[in-house]
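These notes are about the structure you will find just below.
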Amino acid sequence: MNFTTLAMDSELKVELMNDLDRFVNGKELYRRTGKAWKRGILIALKLPNRGSENKSGNNHRNKEQIIVFTTNDKHSLEPALLRPGRMDMHVHMAYCTISAFKQLAINYHGISYHHLYGEIEGLITEVKGDPLKKLQETY
Numbered sequence: 003m004n005f006t007t008l009a010m011d012s013e014l015k016v017e018l019m020n021d022l023d024r025f026v027n028g029k030e031l032y033r034r035t036g037k038a039w040k041r042g043i044l045i046a047l048k049l050p051n052r053g054s055e056n057k058s059g060n061n062h063r064n065k066e067q068i069i070v071f072t073t074n075d076k077h078s079l080e081p082a083l084l085r086p087g088r089m090d091m092h093v094h095m096a097y098c099t100i101s102a103f104k105q106l107a108i109n110y111h112g113i114s115y116h117h118l119y120g121e122i123e124g125l126i127t128e129v130k131g132d133p134l135k136k137l138q139e140t141y
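Per my numbering, residue 3 is the first one in the sequence shown, and the count goes up by one each step.
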């Protein structure tokens, strides 16, 4: 995964990228304060009619750790993971936004512009559906 192709709200994507940039550039602060140089991010996806699936990935480089947990049922997680200080950032991705839809169109169909995007944006705003459901409905 990289942030260029990540289909999520563009403002939330910028916030997440800025947070990670601050983390990567803050190595000296972690060293000075004696804290472990790690970042925990919980991404909660609202996916209807799905069983609980938890996935984690580690990125080790220069001793920093960025750990991303994804779940489609935040309430089924071990409560210890949700305590303050365990995850540095919680990201809730409930509804498809126009920026996420456009990224999906680029990723899956190579379409970076379409004359119907204005109409699609209106429909997405009206319906506020979930990204996976929106994608499944197009096929």
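In this text, a Cβ means the ideal position worked out from N, Cα and C, and glycines have one as well.
These numbers were taken from a predicted model, which means no experiment stands behind them.
Is it the case that the Cβ atoms of I45 and T7 are separated by a distance below 7 angstroms? For the purposes of this step, residue 45 is taken as the residue at position 43 of the sequence shown. For the purposes of this step, residue 7 is taken as the residue at position 5 of the sequence shown. Contact flag unset, no.
Please report how far the alpha carbon of S101 lies from the alpha carbon of I113, in whole angstroms. Here the question's residue 101 lines up with position 99 in the sequence shown. Here the question's residue 113 lines up with position 111 in the sequence shown. Going by the C-alpha atoms only, they are around 13 angstroms apart.
Quick check on DSSP: helix, strand or coil for A46? Reading the sequence shown from its first residue, position 44 is the one you call residue 46. A46 falls in the strand class under three-state DSSP.
Straight-line gap, H111 to F5 (C-alpha atoms, nearest Å): Here residue 111 refers to the residue found at position 109 when the sequence shown is read from its first residue. Here residue 5 refers to the residue found at position 3 when the sequence shown is read from its first residue. Their backbone Cα atoms lie some 18 angstroms apart in a straight line.
Would you be able to state if there are at least three C-beta pairs under 8 angstroms between the segment 9-21 and the segment 116-127? no
Contact set for N109: own chain, Cβ-Cβ below 8 angstroms, skip 5 residues either direction: Working through the sequence shown from its first residue, we reach residue 109 at position 107. Counting only Cβ-Cβ distances below 8 angstroms, and skipping sequence neighbours, we find T7 and A9.
Which term fits N74, buried or exposed, when burial requires 16 or more other beta carbons within 10 angstroms of its beta carbon? The residue given as residue 74 occupies position 72 in the sequence shown. Buried.
Identify the residues that DSSP records as bridge partners of H94: which are they? The residue labelled residue 94 in the question sits at position 92 within the sequence shown. The partner list for H94 (beta bridge, DSSP) reads A46.
Report the partner residues of P86 according to the DSSP bridge assignment. Locating residue 86 in the sequence shown gives position 84, counting from the first residue. DSSP output for P86 lists M89 as bridge partner(s).
By a C-beta neighbour count over all protein chains shown, 10 Å radius and 16 as the cutoff for buried, is T127 buried or exposed? Counting from 1 along the sequence shown, the entry for residue 127 is found at position 125. By the neighbour-count rule (16 or more Cβ atoms within 10 Å), T127 is not buried but exposed.
Look at the alpha carbon of K57 and the alpha carbon of G124, and state the distance between them as a whole number of angstroms. Against the sequence shown, residue 57 aligns to sequence position 55. Against the sequence shown, residue 124 aligns to sequence position 122. In this prediction, K57 has a pLDDT of 47, which is less than 50 and means its spatial position is unreliable; nothing more can be read from the coordinates.
Please list, in chain order, all residues of the same chain as R41 whose beta carbon is under 6 angstroms from its beta carbon, the five residues on each side excluded. Translated into the one-based positions of the sequence shown, residue 41 becomes position 39. If we look at R41 and ignore the five residues flanking it on each side, its Cβ neighbours are F25, I68 and D90.
Between which residues of its own chain and K76 is the CB-CB distance below 6 angstroms, once the five residues before and five after are set aside? Walking along the sequence shown from the start, residue 76 turns up at place 74. Around K76: A46.
Enclosing alpha helix (DSSP H) for E13 [first to last residue]: Reading the sequence shown from its first residue, position 11 is the one you call residue 13. Note, E13: alpha helix (DSSP H), S12 to N27.
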